[in-house]
Amino acid sequence: MHVSRIVPPPGPPRTLALAQLTNSVGDGAYYVCSVLYFSRVIGLSPTQIGAALTAGWALGAVVGVPLGHLADRRGPRGIAVLMSLATGAAIASLLLVRTYPAFLAAVCLYTCCQCGLAAARQALLAGLVEPARRTETRAYLQSTVNAGLALGAALGGIALQLDSEAAYLTALAMDAVTFVAAAWVLGRLPTPARQLPSADRQAERSLTVLRDRPYALVSLLNMIMLLYMPLLSVVLPLWIVRRTHAPGWTVSALLVLNTLAVVLFQVRMAARVTGLRSAARAVRHAGIVLLLACGCFAVSAAGTSAWLPVLVLLAAACVQVFGEMLLGSGSWEIGFALAPADKQGQYQGFYGAGTAVARLIGPLLLTTLILSWGTGGWLVVGALFLGAGLAMEPAVRWAGARRPAGAREPEPVPD
Numbered sequence: 002m003h004v005s006r007i008v009p010p011p012g013p014p015r016t017l018a019l020a021q022l023t024n025s026v027g028d029g030a031y032y033v034c035s036v037l038y039f040s041r042v043i044g045l046s047p048t049q050i051g052a053a054l055t056a057g058w059a060l061g062a063v064v065g066v067p068l069g070h071l072a073d074r075r076g077p078r079g080i081a082v083l084m085s086l087a088t089g090a091a092i093a094s095l096l097l098v099r100t101y102p103a104f105l106a107a108v109c110l111y112t113c114c115q116c117g118l119a120a121a122r123q124a125l126l127a128g129l130v131e132p133a134r135r136t137e138t139r140a141y142l143q144s145t146v147n148a149g150l151a152l153g154a155a156l157g158g159i160a161l162q163l164d165s166e167a168a169y170l171t172a173l174a175m176d177a178v179t180f181v182a183a184a185w186v187l188g189r190l191p192t193p194a195r196q197l198p199s200a201d202r203q204a205e206r207s208l209t210v211l212r213d214r215p216y217a218l219v220s221l222l223n224m225i226m227l228l229y230m231p232l233l234s235v236v237l238p239l240w241i242v243r244r245t246h247a248p249g250w251t252v253s254a255l256l257v258l259n260t261l262a263v264v265l266f267q268v269r270m271a272a273r274v275t276g277l278r279s280a281a282r283a284v285r286h287a288g289i290v291l292l293l294a295c296g297c298f299a300v301s302a303a304g305t306s307a308w309l310p311v312l313v314l315l316a317a318a319c320v321q322v323f324g325e326m327l328l329g330s331g332s333w334e335i336g337f338a339l340a341p342a343d344k345q346g347q348y349q350g351f352y353g354a355g356t357a358v359a360r361l362i363g364p365l366l367l368t369t370l371i372l373s374w375g376t377g378g379w380l381v382v383g384a385l386f387l388g389a390g391l392a393m394e395p396a397v398r399w400a401g402a403r404r405p406a407g408a409r410e411p412e413p414v415p416d
């Protein structure tokens, strides 16, 4: 694999990737260790943890839009730096809390800052990278995130092995520090040129995205497709342990396979997307591929052999990650291209809320369908992917037709 397929070109794309790499290493350790830290050190029950995380991500999905709007009005670089520092502070506060109300407040602060950071960072990308290269740059960033998460998860694994309060505190403290470091990296970026504001001053101040029904439909379909995330992280491990004869290490093998595939091939996949038409086609193909992956995962429960399920699961994971990369390539182009240039923050906050909502409703919905219904549940989930993928093309055409005739990216306004 040529290094140019992994390392982004010099300039803002490389600096953005460095910021993503920095905090994703900390996030990898956080994801591995946080639940055990919450239960063993803070002393919370699984129900308390789940309720707090649900409330946090629900609130984050709501505040991402106004925080993105703030990035549009005040400048995405400053808001991204502020949100990164605030996220680090939220994680640091988790080191001190020992009561449930304080834990709930810290979690809500963390999720709100994460959603605000995501919106501001996307607006920053849109302001610093020309439209034709945004999807490619987003692909580089996704590859970087996966590499950082893998490294952080390995470091978090050391804390799990030590299984002590000091080890868990160290892992979370490292995550807090990485967000502070990422804020410093983001601060090194140039200030994006201001875009020509809307002629309607009231519209400029308002959350226009909340009245954009075509964009809302596209965002809803994207959210359905994003259900693959809890499918991988929550449902598949339970399916392997409870419904197949595959050994437990298969879960780790599939996650490693997924991570490496995205790191190595996401940029190459994104190169096939050159506009809205090819982006919508990529999402349609992703729906078909994810349906096939669901069918393969369902087959893994057949038989009593230990090795046959492993081979089927590995094949299914290859199909799934192919669909995931197709979806990412098309989804990023759609999210950027259909948003007004001077409102990228609020639009990206709205579009990115699909990630929080998928994390919010996905675990309960998918575990109920798949673990209760077995093969039938897998087929229902696959049908959801297929339906959303097929619906994306007409939804994108509708959204594109609603844009002003001859709409183009506004010319930058010199500072």
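Sequence positions in the sequence shown follow this note's numbering and run 2 to 416. The beta-carbon is built from N, C-alpha and C at its ideal position, and this holds for glycine as well.
Closest in alpha carbon position to I7, among G401, Q267 and Q321, is Q267. Out of Y31, V284, I225 and L256, the CA that lies nearest to the CA of V178 is found in Y31.
Look at I7 here: in three-state DSSP terms it is coil, with no helix or strand label. L150 and S144 have their alpha carbons spaced roughly 10 Å apart. Burial of G346 is indicated by the presence of at least 16 other C-beta atoms within 10 angstroms of its C-beta. Here A172 is buried: its Cβ has 16 or more other Cβ atoms, across all protein chains shown, within 10 Å. Collapsing the DSSP output to three states places V98 in coil.
Pairing V146 with L292, the inter-Cα distance amounts to about 26 Å. A residue is called buried when at least 16 other Cβ atoms come within 10 angstroms of its Cβ; P341 meets this threshold and is buried. Within the same chain, Cβ atoms closer than 7 Å to the Cβ of I371 are found at V236, W240, G378, W379 and V382, the five residues on either side in sequence being excluded. For P132, no alpha helix (DSSP H) segment is defined, and its DSSP state is neither H nor E. The continuous alpha helix (DSSP H) containing Y348 extends over residues Q345 to W374. Within 10 angstroms of the beta-carbon of V219 lie 16 or more other beta-carbons, which makes it buried. For secondary structure counted as the alpha helix (DSSP H) over 4 or more consecutive residues, the segment 109-185 holds these complete runs in sequence order: 135-163. Selection L129, D213, L258 and G76 evaluated against L233 yields L258 as nearest (Cα-Cα). The shortest CA-to-CA distance from P10 to any of L125, A52, R139 and G51 is the one to R139.
In the same chain as A107, and ignoring 5 residues on each side of it, the C-beta atoms closer than 7 Å to its own belong to A91, S94, L95 and V98, in chain order.
Taking the C-beta atoms as reference points, G401 is found no nearer than 8 Å to L221. Shown here, R273 sits in coil according to DSSP, grouped into three states, outside any helix or strand. Under the criterion of beta carbons closer than 8 Å, A124 and A56 do not qualify as touching, at roughly 26 Å.
Remark: fewer than three beta-carbon pairs, one from each stretch, lie closer than 8 Å, so the segment 37-52 and the segment 17-29 are not flagged as touching. Where S35 is concerned, the enclosing alpha helix (DSSP H) starts and stops at P13 to L37. Distance from the CA of A302 to the CA of R244, rounded to the nearest whole angstrom, comes to 6 Å.
Spatial neighbours of W58 in its own chain (CB-CB distance under 6 Å, excluding positions within 5 residues in sequence) are listed in chain order as T112, A357, R360 and L361.
Put simply, the backbone Cα of A18 is about 24 Å away from that of L339.
Between the segment 306-317 and the segment 180-192, the count of C-beta pairs closer than 8 Å stays below three; the two stretches do not touch. Less than 8 Å divides the Cβ of G288 from the Cβ of L387.
Excluding sequence positions up to five before and after Q21, its CB lies within less than 6 Å of the CB of L142, T145 and V146, all in the same chain and listed in chain order. Between A247 and M393, the CB-CB gap reaches or exceeds 8 Å. Distances from the alpha-carbon of W399 to those of R214, A354 and G375 put R214 closest.
Inter-segment contact for the segment 82-91 and the segment 113-122 is present: three or more beta-carbon pairs are separated by less than 8 Å. When secondary structure is reduced to three states using DSSP, D213 falls in the coil class, being assigned neither helix nor strand. The closest CA to that of L265, considering only M326, C109, L156 and P13, is found on M326.
Collapsing the DSSP output to three states places R282 in a helix.
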